[in-house]
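Numbering (my numbering), first residue to last: 4 to 80. Where is the CB? At the ideal position from N, CA and C, for every residue including glycine. Since this is a predicted model, take the numbers as computed values, not measurements. Following: one structure in structure tokens, then a few remarks.
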Ligand code: FES
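Right, here's the structure in full:
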């Protein structure tokens with residue numbers, strides 16, 4: 004079974020007030036959900052209008068460039 008969930012956020016949700024800040028993952032790439040583990044740094048080079056698909060290991064498997072035909076996703080390197 005596979006599931007594709009759209010996440011547009013490129014950083015965590017901050018929860019206040021706490022003794023210390025708590026950051027909840029909003030990008031969907033954390034391997035320590037629901038908490039941010041810093042994996043959102045991989046989003047920094049993502050381009051608007053491009054679809055990125057990650058596998059269960061949070062590796063990019065497909066990115067769809069805006070100028071690509073809709074039925075021709077490019078498998079990431
Ligand atoms: S927001 Fe997802 S890992 Fe930080």
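- For residue 41 and residue 16, the gap between their C-alpha atoms comes out near 12 Å.
- Annotation: the continuous beta strand (DSSP E) that includes residue 16 extends over 16–18.
- Residue 64: member of the beta strand (DSSP E) spanning 63–67, first to last residue.
- Non-local C-beta neighbours of residue 55 in its own chain, meaning closer than 7 Å and more than five positions away in sequence, comprise 49, 63, 66, ordered along the chain.
- Look at residue 48: its beta carbon is at least 6 Å from all of the heavy atoms in the ligand FES.
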